[in-house]
Structures are given as structure tokens and as C-alpha cells.
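K.L.:
Quick one: the structure is below, questions incoming.
2 protein chains.
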Amino acid sequence: MARTYGSFSQNTAPRVFKTALRLFAQYGYAAVSMRQIASDVGVQVGALYNYTPDKQTLLFTIMRDHMENLLNAWEGRPQSNDPLVRLKDFIKFHLTFHLHKTDEVFVSYMELRNLSEENFVVIEKLRRNYELILEHILERGSNDGVFHISDARVTTLALIGMLKEVGTWYRPEGRLSSKEITNIYQDMVAHFLGVDSPVMPANR
Amino acid sequence: MARTYGSFSQNTAPRVFKTALRLFAQYGYAAVSMRQIASDVGVQVGALYNYTPDKQTLLFTIMRDHMENLLNAWEGRPQSNDPLVRLKDFIKFHLTFHLHKTDEVFVSYMELRNLSEENFVVIEKLRRNYELILEHILERGSNDGVFHISDARVTTLALIGMLKEVGTWYRPEGRLSSKEITNIYQDMVAHFLGVDSPVMPANR
DNA sequence: GTCTATATTAAGATAGAC
DNA sequence: GTCTATCTTAATATAGAC
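Order-wise, the sequence lines are chains A and B. Going left to right, the first sequence walks through residues 1 to 204 as this note's numbering numbers them. Going left to right, the second sequence walks through residues 1 to 204 as this note's numbering numbers them.
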């Protein structure tokens, strides 16, 4: 491929999105300028507009890609019929994904209000679909008598809150590994849902 | 008091801070301009600078006042020596405060990264002090054998996540009243901590 | 205490050269 | 595909009149 105007080109597209993601996570969408993104990528500001029609679309693309990756990754997994196994699978999946995609998760949560109305609708629907995965697992387990839940909706949201919180304090070099955290959470949540016997295949 | 330049003045100070709080909560600090605040207050932009030296201080003042109100309100309460009573008191206090100060809570959580370095240190310390209230209650209850906790720090953070989440979905006109939510949470958390007997003085 | 006017800086986005 | 240069708009903050 021919170089254009003396600059390296074929890697720019992914670098634009990665840089924007990192800066949005650190400073917030509204506080980051296109000039700052360009500077960190190592191009002039005009070049960015080869990769996005505007700043808003840059944010939207980042959030949509993340949510679709998340949903597709879950759908692509083998699904157990046992509610407790399914729940533990979900916790492991959620934590693995979220502890390794901290910027994406943070931006997708924090920048909802900076989406245009039409973009917000799209992202909110994807987000809701993800919450429904957990909600359905809980409903199923509750109906089967495996989980003991007083108010299903409140319990779902409380669990989501618990799981979301992890992203705010986890550090790869911290006291607990992502595997240890997963185990603690799996036990904590099972206990929380009043599961009778904690006897389970280990390290599922 | 004499009116100045044909305008009403004595109410402006609180209105500036209330308006800024509302707009920061809705659109985010970086996305809100001083002009927009002035317009909503009903003054010209220059008038704002009678009440704050700059925009940053406006944000800092809002966050500091909120955190100090929160801590002072807790300190001013009678404190029980029974860990479970204390825990339920804290949950009730937390939810009552947070369900009625949604904007303050939201801004204090979302805008941390828009504080200047020196302002961040002050707010972070206040935030940490608040978390420590719950952490100490759990430690005490754990030592007394009333609560059954595997990892104290993770449990504290999980609980904080659960409690924080409430602010994102509670609506005064929603299905559950703030009183009902409080009861559900008190029971859920007690169960979560493995408290043996749910027999408690009601509506504490 | 508030106004109008303005200084200064920086933002998003585009045009046209290479 | 990227550059430089520029258009247009809007931001924070200040000065001085009333």
C-alpha cells in the first residue's frame, strides 16, 4: 500500500478508536477535544475525520461495539440448564469480561447522557438486553425453587450493582486475582440467593 | 435591602448552586457552560462570578457541601451498640439520604475526575470516611460473630455497590416507596451477611 | 449585585494542497 | 490518507458602567 503524504496510514483507524476510548475513560467525553485525540494518535486533527464523521459518532461507535461484543460473547457460549450453574457461569463471564475491559465498561456506563437521543435509544436497548440475561436466570432459578428471592426486580438490580462495583476497585496488581474475585463472588451471590447446598463442581 | 440594578438579589446565591447542581447532574460538569447556568438562574453570566471565583470552585463547593452534610447527619444520630441494629440504621440512613438527594449523590460520584487535583484529595477523603462507617460496622459485627463474612473488604464494596445502585432506578412515583425499599434492603443485607435470626424490632 | 461589552482561548468541522 | 489553514461558534473570565 502506498504511503500518503509521508505518513504511516494502515494502523490509524484502530488507533483512533483506542485512543478515543482511553481518553474518554480518563477525562470524560465532553472534556476531551478532537485535537487531543489527534495529538495522542500522532496525526493532525483533520485526519480524524477520515474515520468518523463527527465526535458524537466516535463515542457511539465505541459504545455500540462494546455492547455488541459483550452480548455476542455470551450468546456464543454453551448454556447450562441448571440455574445455579448458569448463574455461576454468568458471574464468571461478567467478571472476566468486565475486569479486562475496564475502559469500555466505564465509558459505556458514564457517557450515556452524552449520546444523542437516537444513539441513546440504541445503546440503552443493548444494555437492557444484557441486564435481562441475569434477570432471566434469576427468574428461572426462582421458579425452580433453587433461588430464594423476595423481590425479583430489586434483587436483580442489587446484584447488578454488586457486580458493577468490582470495576471501580479491581487492579491487576492488587491483593486478589481476577480468579479469586470470581470465586468470592460466585460464593457470595449463591449464598445471597439462599442456595441450600454450596456443593458444586469446583472452578466451573 | 436595596435592589441593585433593578434586579432581585437576595436569593441568587442559593439559586446559583441549586441550578448548577441540577445541570451538572443532567448534562455533566464539562458539558454545562457558565452561560447556561446563568440563563437558567435568570441572570447574565458576569453575575455568577459574584458567587464563585470560577467554574471549578462551583463544582467543588457542591460536592464538599454534600459530603459534609452526609457525614454530619450520620454523626448527629444516636448510635446503637448492637451491630445488626447499627447496620439497619445505616441502611435506613443511607437510603433515606440518597433517595432524596439524587442529584447531589450522582454528581459526587460522576464528577470526581473533573475535580482539580487538590480538590479531588479533599473530596476523596470525605468519601472514604463515609465508606469506613459501613466497613467498621461490618468489622465489628464480624468480630462479634453476628455477621458471617468471607472477605471483609470485598463484602463492604459489594454492599456499597448494592446500595449505590438504588439511586439509578428509584423514582418517587415508582412501584416501591422509599420505606418499602428500605425494608427490602434491610432484610436482603441481613440475609446476605448470614444473620441467624431475622427476628427484629419492626420498622426500626 | 447586576449589567453590557469584550479579551482571550479553544472548540468542532471543512477545504483544498500534496 | 494526511497535511495546513481557516471558518464559525462558543467557552471562561474580566472590566467598568449603573
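Each residue gets a CB set at the ideal place from its N, CA and C atoms; glycine is no exception.
Quick one: which chain A residues come within Cβ less than 7 angstroms of A158 of chain B?
P.N.:
M162, E165 and M188
K.L.:
Which residue comes first and which comes last in the alpha helix (DSSP H) that contains N11 of chain A?
P.N.:
Element bounds for N11 of chain A: n/a, residue is neither H nor E.
K.L.:
With 8 angstroms as the C-beta to C-beta threshold (strictly closer), list the residues of the segment 55-85 of chain B near chain A in chain order.
P.N.:
none
K.L.:
Excluding five sequence neighbours on each side, which residues of the same chain lie with their C-beta closer than 8 angstroms to the C-beta of E111 of chain B?
P.N.:
F24, G28, Y29, L59 and M63
K.L.:
S150 of chain A CB to nearest chain B CB: under 8 angstroms?
P.N.:
yes
K.L.:
Where does E131 of chain B fall in DSSP's three states?
P.N.:
helix
K.L.:
F192 of chain A touches chain B at which residues, Cβ-Cβ below 7 angstroms?
P.N.:
F192
K.L.:
Just the C-alpha distance for V85 of chain A and L99 of chain A, rounded to the nearest angstrom, thanks.
P.N.:
21 angstroms
K.L.:
Using alpha carbons as the reference points, say which of A:T57, A:R127 and A:L193 lies closest to N72 of chain A.
P.N.:
A:R127
K.L.:
Assign K101 of chain B to one of three DSSP states: helix, strand, or coil.
P.N.:
coil
K.L.:
What whole-angstrom Cβ distance do S150 of chain A and D187 of chain B have, given they're in contact under 8 angstroms?
P.N.:
7 angstroms
K.L.:
List in chain order: all unbroken alpha helix (DSSP H) runs of 4+ residues lying wholly within the segment 3-68 of chain A.
P.N.:
12-27, 34-41 and 45-48
K.L.:
Name the residue from A:E131, A:V166, A:V146 and A:A31 whose alpha carbon lies nearest to the alpha carbon of T156 of chain A.
P.N.:
A:E131
K.L.:
Taking only the alpha-carbon atoms, compute the straight-line gap between W169 of chain A and A190 of chain A and give it to the nearest angstrom.
P.N.:
A straight-line Cα-Cα distance of about 22 angstroms links W169 of chain A and A190 of chain A.
K.L.:
In the DSSP assignment, find the unbroken alpha helix (DSSP H) run with E165 of chain B in it and report its ends.
P.N.:
For E165 of chain B, the uninterrupted alpha helix (DSSP H) run begins and ends at A152 to W169, by DSSP.
K.L.:
Quick check: is any heavy atom of the ligand PLP less than 7 angstroms from the C-beta of E104 of chain A?
P.N.:
Summarising the ligand content, the structure contains no ligands, and the ligand PLP is consequently not present.
K.L.:
Buried or exposed: V121 of chain B, going by 16 or more other Cβ atoms within 10 Å of its Cβ?
P.N.:
exposed
K.L.:
Comparing alpha-carbon positions, which option in B:R153, B:R175, B:L138 and B:I123 lies nearest H66 of chain B?
P.N.:
B:I123
K.L.:
Establish whether the CB of Y27 of chain A and some CB of chain B are separated by less than 8 angstroms.
P.N.:
So yes, Y27 of chain A belongs to the interface.
K.L.:
Can you tell me whether G161 of chain B is buried or exposed? The criterion is at least 16 other CB atoms within 10 Å of its CB, across all chains shown.
P.N.:
buried
K.L.:
Let's test the definition: count the other Cβ atoms within 10 Å of the Cβ of I125 of chain A and tell me whether it reaches 16, buried, or not, exposed.
P.N.:
The displayed chain sequence assigns Lys, not Ile, to residue 125 of chain A. The residue in question, K125 of chain A, is exposed, as its Cβ has fewer than 16 Cβ neighbours within 10 Å.
K.L.:
For V195 of chain A, which three-state DSSP category applies?
P.N.:
Reduced to three states, the DSSP call for V195 of chain A is coil.
K.L.:
Below 8 angstroms on the Cβ atoms is my contact criterion, and I expect I37 of chain B with W74 of chain B to pass it. Report the Cβ-Cβ distance as a whole number of Å.
P.N.:
Contact flag wrong, Cβ pair sits at about 31 angstroms.
K.L.:
Could you check how far apart the C-beta atoms of P83 of chain A and V146 of chain A are, in whole angstroms? I think they sit under 8 angstroms.
P.N.:
That pair is a contact at about 5 angstroms.
K.L.:
Starting from the C-beta of L70 of chain B, find all residues in its chain whose C-beta is less than 7 angstroms away, skip the five residues before and the five after it, and write them out in chain order.
P.N.:
For L70 of chain B, where only same-chain residues beyond five positions count, the Cβ hits under 7 angstroms are F97 and Y130.
K.L.:
Please list, in chain order, the residues of the segment 106-126 of chain B that have any C-beta partner in chain A closer than 9 angstroms.
P.N.:
M110, E111, R113 and N114
K.L.:
If you measure from the beta carbon of A31 of chain B to each beta carbon in chain A, is any gap under 8 angstroms?
P.N.:
yes
K.L.:
Here's a check: name, in chain order, each residue in its chain whose Cβ is nearer than 8 angstroms to the Cβ of S142 of chain A, leaving out the five neighbours to either side.
P.N.:
H148, I149 and A152
K.L.:
Using the three-state DSSP reduction, which class does Q79 of chain A fall into: helix, strand or coil?
P.N.:
coil
K.L.:
Please work out which residues of its chain come closer than 7 angstroms, Cβ to Cβ, to R15 of chain A, disregarding the five sequence neighbours upstream and downstream, and give them in chain order.
P.N.:
Closer than 7 angstroms at the Cβ level, and outside the excluded window around R15 of chain A, lie V41.
K.L.:
Do we get a CB-CB distance below 8 angstroms when we pair V146 of chain A with the residues of chain B?
P.N.:
With a threshold of 8 angstroms between beta carbons, V146 of chain A makes no contact with chain B.
K.L.:
Note down, in chain order, each residue of its chain lying with its Cβ closer than 7 angstroms to the Cβ of S108 of chain A, except the 5 sequence neighbours on either side.
P.N.:
M63, H66 and M67
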